[in-house]
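Protein chains: 2
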Amino acid sequence: MNIFISNSSKEPIYEQIKKQIKQSIYRGEVQEGDLLPSIRQLAKDLQISVITTKRAYEDLEREGYITSVVGKGSFIAGQNMELIREKRIQLIEERLTEIVDECKELDVSLDQLKEIIELLYKEER
Amino acid sequence: MNIFISNSSKEPIYEQIKKQIKQSIYRGEVQEGDLLPSIRQLAKDLQISVITTKRAYEDLEREGYITSVVGKGSFIAGQNMELIREKRIQLIEERLTEIVDECKELDVSLDQLKEIIELLYKEER
DNA sequence: ATATTGTATATATTATATATATACACAAGG
DNA sequence: CCTTGTGTATATATATAATATATACAATAT
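Protein sequence lines, in the order shown, are assigned to chains A and B.
Throughout, this note's numbering is defined as the position within the first sequence, counted from one, plus 2.
Throughout, this note's numbering is defined as the position within the second sequence, counted from one, plus 2.
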């Protein structure tokens with residue numbers, strides 16, 4: 003698994019790591035039980051502290067994406083990721099419903115809304 | 003206009019001031035053009051710094067609730083609906099930014115997102 | 001044993017939010 | 001005018017939260 007960090011990004015390093023690992027899972031690039039880079043190795047590769055990689059893995063573990071075992075390593079968790087993805091998309095749809103309602107109330111057209119979305123989507127982070 | 007602050011509250015002083023003035027407006031206790039206490043007088047009454055009252059009034063002015071004139075004072079503004087609309091759209095954009103970020107994380111494409119929006123928009127009447 | 005793994009504690013650094021003091025600029029009324 | 005009351009601008013202090021670190025500890029594998 004290749005993980006990169008951008009120094010120019012204002013996004014915290016541990017967030018960058020978390021996102022990339024999550025994306026690998028969502029894209030099916032990794033599977034249940036796959037071994038992740040050790041927090042030490044990853045820290046060395048990225049030239050950052052062990053604490054920061056630890057922080058990322060700790061968060062991911064709490065969120066159910068990975069499991070860590072002392073002395074062995076960290077592994078992709080055995081859960082139905084597609085199900086989790088669907089659930090999250092469902093949550094997004096609920097929030098979008100509220101937004102759509104509010105847009106109608108404010109007389110924001112569908113095209114205008116799409117345009118806003120497009121701008122936000124293309125904005126680099 | 004009577005304004006109180008609680009120093010036991012964890013809410014910032016300027017927020018307490020802002021809320022009370024907004025509520026007076028919403029409740030119709032004050033009308034367009036009404037004079038507010040001067041930032042100095044209010045600061046003295048509440049035994050806080052002028053900067054803090056200034057901060058509250060400054061925010062309220064930016065949000066369109068009041069207007070301030072040097073040498074004269076601060077007044078309740080006429081509620082400008084277009085301004086309020088702009089403000090609400092801005093809030094929507096902030097929420098959309100979060101959603102877009104999450105979509106990227108979940109590998110949901112711009113087109114897919116647009117499609118979801120379109121369905122939701124046309125769905126409800 | 002030794003090297004590799006994750007963990008825990010205490011701490012430093014940075015960023016942001018909140019509040020302040022003080023000097024400045026404009027307006028009104030004696 | 002000029003004094004007093006208004007809002008404004010600048011530079012700064014303080015507190016809190018977010019981010020990142022160093023280092024010592026504990027479990028596992030070989």
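Cβ coordinates follow ideal geometry from the N, Cα and C atoms, glycine included.
Among the candidates the options, whose CA atom is the shortest distance from the CA of residue i?
{"i": "residue 65/A", "options": "95/A, 104/A, 86/A, 108/A", "result": "86/A"}
{"i": "residue 16/A", "options": "61/A, 124/A, 70/A", "result": "61/A"}
{"i": "residue 50/A", "options": "5/A, 114/A, 115/A", "result": "5/A"}
{"i": "residue 31/A", "options": "98/B, 109/B, 14/B, 90/B", "result": "109/B"}
{"i": "residue 22/B", "options": "40/B, 3/B, 11/B", "result": "3/B"}
{"i": "residue 28/A", "options": "73/B, 117/B, 9/B, 111/B", "result": "111/B"}
{"i": "residue 122/B", "options": "95/A, 44/A, 57/A", "result": "95/A"}
{"i": "residue 58/B", "options": "72/B, 117/B, 45/B, 20/B", "result": "20/B"}
{"i": "residue 9/A", "options": "26/A, 43/A, 48/A", "result": "48/A"}
{"i": "residue 26/A", "options": "99/A, 113/A, 84/A, 117/A", "result": "84/A"}
Taking C-beta pairs closer than 9 Å, name the residues in chain A that residue i reaches, listed in chain order.
{"i": "residue 101/B", "result": "94, 97, 98, 101, 119, 122"}
For residue i, return the contacting residues in chain B, with the cut-off set at a CB-CB distance below 8 Å.
{"i": "residue 104/A", "result": "90, 94"}
{"i": "residue 115/A", "result": "119, 123"}
{"i": "residue 21/A", "result": "107"}
Sorted by chain position, which residues of the same chain lie with C-beta nearer than 6 Å to residue i's C-beta, five sequence neighbours on each side aside?
{"i": "residue 18/B", "result": "7"}
{"i": "residue 105/B", "result": "115"}
{"i": "residue 38/B", "result": "76"}
{"i": "residue 40/A", "result": "75"}
{"i": "residue 54/B", "result": "15, 16"}
Counting only Cβ pairs nearer than 7 Å, list the residues of chain B close to residue i.
{"i": "residue 16/A", "result": "Correct list: empty, because the minimum Cβ distance to chain B is about 15 Å."}
So which residues on chain A does residue i lean against when the C-beta distance must stay under 7 Å?
{"i": "residue 109/B", "result": "25, 28, 29"}
{"i": "residue 112/B", "result": "120, 123"}
{"i": "residue 87/B", "result": "108"}
For my contact list, residue i and residue j are in at a C-beta cut-off of 8 Å; report their separation, rounded to the angstrom.
{"i": "residue 35/B", "j": "residue 78/B", "result": "6 Å"}
{"i": "residue 101/A", "j": "residue 102/B", "result": "With a Cβ gap of about 12 Å, residue 101/A and residue 102/B do not count as contacting."}
{"i": "residue 97/A", "j": "residue 97/B", "result": "7 Å"}
{"i": "residue 107/B", "j": "residue 124/A", "result": "Not quite, the Cβ-Cβ distance comes to about 16 Å (not below 8 Å), so this is no contact."}
Can you list, in chain order, the residues of its chain with a C-beta nearer than 7 Å to that of residue i? Leave out the 5 residues immediately preceding and following it.
{"i": "residue 81/A", "result": "66"}
{"i": "residue 63/A", "result": "69, 70"}
{"i": "residue 52/B", "result": "41, 42, 45"}
{"i": "residue 56/B", "result": "41"}
Task: Inside the stretch 47-77 of chain B only - alpha helix (DSSP H) runs reaching at least 4 residues - done: Listed in chain order, the alpha helix (DSSP H) runs fully inside the stretch 47-77 of chain B are 52-64, counting runs of at least 4 residues.
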